[in-house]
Amino acid sequence: MDRVLIVDDEKGMRDFLSIMLKKEGYAVFAAESAEKAAEPIQRGEFDLIISDISMPGHSGLEVLKQAKMTSPDAPVIMITAYASTESAVEALKLGAYDYIIKPFDVDELKIVIKNALEKRRLENENRILKRELKEKFRLDEMVGDSPRMKEVLELVAKVAPTNSTVLICGESGTGKELVARAVHFASPRHDRPFVSINCGAMPDDLLESELFGHARGSFTGAVTAKKGLFEVADGGTIFLDEIGDTTPAMQIKLLRVLQERRIRRVGGTEETEVNVRVLAATNQDLDQMVREKRFREDLYYRINVIQIKMPALREKREDIPKLALHFLVKYGRVTGKKITRIGEEAMRRLMDHDWPGNVRELENVIERAVALETTDAITAESLSREVRAVPRAAQEFPATLSDTGIDLERQLERLREHFMEEALRRAHGVQTKAAELLGMSFRSFRYFAKKYHLLDGRRDAQRASAG
Ligand SMILES: Nc1ncnc2c1ncn2[C@@H]1O[C@H](COP(=O)(O)OP(=O)(O)OP(=O)(O)O)[C@@H](O)[C@H]1O
Ligand SMILES: [Mg+2]
Numbered sequence: 032m033d034r035v036l037i038v039d040d041e042k043g044m045r046d047f048l049s050i051m052l053k054k055e056g057y058a059v060f061a062a063e064s065a066e067k068a069a070e071p072i073q074r075g076e077f078d079l080i081i082s083d084i085s086m087p088g089h090s091g092l093e094v095l096k097q098a099k100m101t102s103p104d105a106p107v108i109m110i111t112a113y114a115s116t117e118s119a120v121e122a123l124k125l126g127a128y129d130y131i132i133k134p135f136d137v138d139e140l141k142i143v144i145k146n147a148l149e150k151r152r153l154e155n156e157n158r159i160l161k162r163e164l165k166e167k168f169r170l171d172e173m174v175g176d177s178p179r180m181k182e183v184l185e186l187v188a189k190v191a192p193t194n195s196t197v198l199i200c201g202e203s204g205t206g207k208e209l210v211a212r213a214v215h216f217a218s219p220r221h222d223r224p225f226v227s228i229n230c231g232a233m234p235d236d237l238l239e240s241e242l243f244g245h246a247r248g249s250f251t252g253a254v255t256a257k258k259g260l261f262e263v264a265d266g267g268t269i270f271l272d273e274i275g276d277t278t279p280a281m282q283i284k285l286l287r288v289l290q291e292r293r294i295r296r297v298g299g300t301e302e303t304e305v306n307v308r309v310l311a312a313t314n315q316d317l318d319q320m321v322r323e324k325r326f327r328e329d330l331y332y333r334i335n336v337i338q339i340k341m342p343a344l345r346e347k348r349e350d351i352p353k354l355a356l357h358f359l360v361k362y363g364r365v366t367g368k369k370i371t372r373i374g375e376e377a378m379r380r381l382m383d384h385d386w387p388g389n390v391r392e393l394e395n396v397i398e399r400a401v402a403l404e405t406t407d408a409i410t411a412e413s414l415s416r417e418v419r420a421v422p423r424a425a426q427e428f429p430a431t432l433s434d435t436g437i438d439l440e441r442q443l444e445r446l447r448e449h450f451m452e453e454a455l456r457r458a459h460g461v462q463t464k465a466a467e468l469l470g471m472s473f474r475s476f477r478y479f480a481k482k483y484h485l486l487d488g489r490r491d492a493q494r495a496s497a498g
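Position 299 of the sequence shown, counted from 1, bears residue number 330 in our numbering, the numbering being contiguous throughout.
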């Protein structure tokens, strides 16, 4: 229901407009002077304001100025007598939506109000749509068909249509935010806002006013009233990122909203009901934090209704080629470079790397490689050092025989590969020297180097600099 404020010193006019507008289905509030209207306007509670221009004390122009300052997106309609059309023009200059001359035609006023609210709605929707359009494109970017990823996507499809609170856990860079967006855009709320906030990134008072909004003057610097993100997300979804980083004081406040689905602006007096779906994410072990009393247990139960656990990239290595190619295309487009493949050796390194930074790290590595590459394929040389260095396999040689046994031949191969790699690096790529370091003959070094593709990257790089 749209909330309309009427400001007029004549009681007859206030009553007449109130009755008429209530019949039209608006929630109507009335004030008898600019002074009396000031406070509720500051709180930013109205969708539209109608004000008489000439009133004793402050004129309607003051109402207008105040409204423009504190709730700039609420249209203001001025009512004026014939005699003062000049101030009506002045009002338009100050940002009034329109003015109506007394005595006015009721139907005309109804239409002006309707149009004003419609325009406001369209502008709001436009803003939301523009932002969401961008976000939707990101959603199509969800790549991966490993069993772990399939599990995640199935769970997303299952929980999306519900209103359940979802907790998304996983290491940094595993795609938690991507999944949160996926849940929102696959939900009935998809055409309403998706609002994301990093709860760990700011001090409590700032976070509180971001989440719940504030009344004008509630703290130094609060020159205008402001809607909180819970209100902005009304009808849609709010994504509380890094919820594990919130302070105990903030946790209580979040718990209250989740229980009551009502919010109060900082420094405000009234509570507003909000219809918002809550998604939360963390890269911390909340279970553990609860045990250590660093995270409220009651809040944990509120948010942990359904949990989606994002696999680390090293747990879904089979997705690496697809992801790498996906980013190759993405950054190829960005840079305008025509790099179509990832070289065999480079891909092997990508598959072997441990990816502590997960998909984000992979994305950065490919972005960098695309920038550096001069051939039509990503070579091992353009990968960053960490990826190029010791292959993952080399770090994991079993030192003891496990119950299930080991494949000794395979382990010996890995060991040889590891030391050859290392020797080549120390010898700055000079094979005879590397072979010497390992007490190998040059012939056998060359044979195995070829077998393990240890020279691929270098060869590519030479070709690149030659061409
Ligand atoms: N399955 C995927 N397909 C394509 N891109 C992905 C995938 N998973 C993650 N990404 C990309 O990796 C980057 C990191 O993802 P996202 O920001 O969602 O991770 P996060 O878990 O929220 O990380 P952090 O904990 O650091 O905030 C983004 O650019 C995202 O688009
Ligand atoms: Mg994130």
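The beta-carbon is built from N, C-alpha and C at its ideal position, and this holds for glycine as well. In this text the structure is predicted, and so the values were computed from the model without any measurement.
Query                                                                                                                                                          : Result
Out of A253, K145, D222 and R223, which has the shortest C-alpha to C-alpha gap to L237?                                                                       : A253
Within the present structure, is the beta-carbon of K340 separated from the nearest heavy atom of ligand 2 by less than 8 angstroms?                           : no
Tell me whether A343, by its Cβ, gets closer than 8 angstroms to a heavy atom of ligand 3.                                                                     : With respect to ligand 3, the structure shown offers nothing to examine, as its ligands consist of ligand 1 and ligand 2.
Within 10 angstroms of its Cβ, does E241 collect 16 or more other Cβ (buried), or is it exposed?                                                               : buried
Count Cβ pairs between the stretch 325-332 and the stretch 222-232 that sit closer than 8 angstroms; are there 3 or more?                                      : no
My parser needs the beta strand (DSSP E) runs of 3 or more residues fully inside the stretch 159-220; what are they?                                           : 197-200
Mind listing which residues have their beta carbon within less than 7 angstroms of any non-hydrogen atom of ligand 2? Chain order is fine.                     : K207, E208, D272 and A312
Taking 8 angstroms as the line, does the beta carbon of G204 fall inside it for any heavy atom of ligand 1?                                                    : yes
Between the Cα of N389 and those of K347, F473, V336 and G75, spot the shortest distance and give me the residue it belongs to.                                : K347
Could you tell me how far apart the beta carbons of P71 and R179 are, in whole angstroms, since I believe they sit closer than 8 angstroms?                    : About 53 angstroms separates the two Cβ atoms, so there is no contact after all.
Less than 8 angstroms between the CB atoms is what I'm expecting for D334 and L198, so what's the real figure, rounded?                                        : Note on identity: in this sequence residue 334 is Ile, with Asp being the wrong assignment. At roughly 5 angstroms, the Cβ-Cβ gap stays under 8 angstroms, so I334 and L198 are in contact.
Between which two residues does the beta strand (DSSP E) holding L36 run?                                                                                      : R34 to V38
Any heavy atom of ligand 1 closer than 8 angstroms to the Cβ of R247?                                                                                          : no
Where does N306 land, buried or exposed, given buried means 16+ other C-beta within 10 angstroms?                                                              : exposed
What do you reckon, are the CB atoms on I132 and V143 nearer than 9 angstroms?                                                                                 : no
Look up S496 in the DSSP assignment and say whether it is helix, strand or coil.                                                                               : Low local confidence applies: a pLDDT of 39 at S496 is under 50, so the model's placement there is unreliable, with the coordinate-based value given in what follows. Correct three-state label for S496: helix.
Where does M378 land, buried or exposed, given buried means 16+ other C-beta within 10 angstroms?                                                              : buried
Just the C-alpha distance for K42 and Q282, rounded to the nearest angstrom, thanks.                                                                           : 47 angstroms
Given this structure, state the Cα-to-Cα distance separating I294 from M32, to the nearest angstrom.                                                           : 18 angstroms
Measure the alpha-carbon distance for K481 versus L403 and round it to whole angstroms.                                                                        : 25 angstroms
Please determine, among R364, M320, Q315 and V360, the residue with the shortest C-alpha to C-alpha distance to K340.                                          : Q315
What is the DSSP secondary structure of L286, counted as helix, strand or coil?                                                                                : helix
So, G201 versus A312, is the Cβ gap smaller than 9 angstroms?                                                                                                  : yes
Along the chain, where does the beta strand (DSSP E) containing N229 start, and where does it finish?                                                          : F225 to N229
Given a cut-off of 9 angstroms, decide if A61 and L48 are closer than it, judged by their beta-carbon atoms.                                                   : yes
What do you reckon, is the C-beta of E503 under 8 angstroms from a heavy atom of ligand 1?                                                                     : Any answer about residue 503 is impossible in this case: the structure gives the chain only from 32 up to 498.
Can you name, in chain order, every residue of its own chain whose Cβ lies under 6 angstroms from the Cβ of G126, other than the five neighbours on each side? : K99
Report the rounded CA-to-CA distance for F285 versus D235, giving the unit in angstroms.                                                                       : The question names Phe, but residue 285 in the sequence shown is Leu. Near 12 angstroms, if we compare the C-alpha coordinates of D235 and L285.
Can we count D138 as close to ligand 1, meaning its CB is less than 8 angstroms from some heavy atom?                                                          : no
Which residues share a DSSP beta bridge with V297?                                                                                                             : H245
Kindly indicate which three-state DSSP category S472 falls into: helix, strand or coil?                                                                        : coil
Which runs of the beta strand (DSSP E) fall wholly inside the stretch 320-354 and span at least 3 residues, in chain order?                                    : 337-340
Check whether the Cβ of R399 sits closer than 8 angstroms to any heavy atom of ligand 1, and report yes or no.                                                 : no
Tell me the residue span of the beta strand (DSSP E) that contains K133.                                                                                       : D129 to K133
If you count every other CB in all the chains shown that lies within 10 Å of the CB of R494, and 16 or more means buried, which is it?                         : Bear in mind that the predicted position of R494 carries a pLDDT of just 38, short of 50, making it unreliable; the figure below should be weighed with that in mind. Exposed.
Just reading off the alpha helix (DSSP H) that L403 is part of, what are its end residues?                                                                     : N389 to L403
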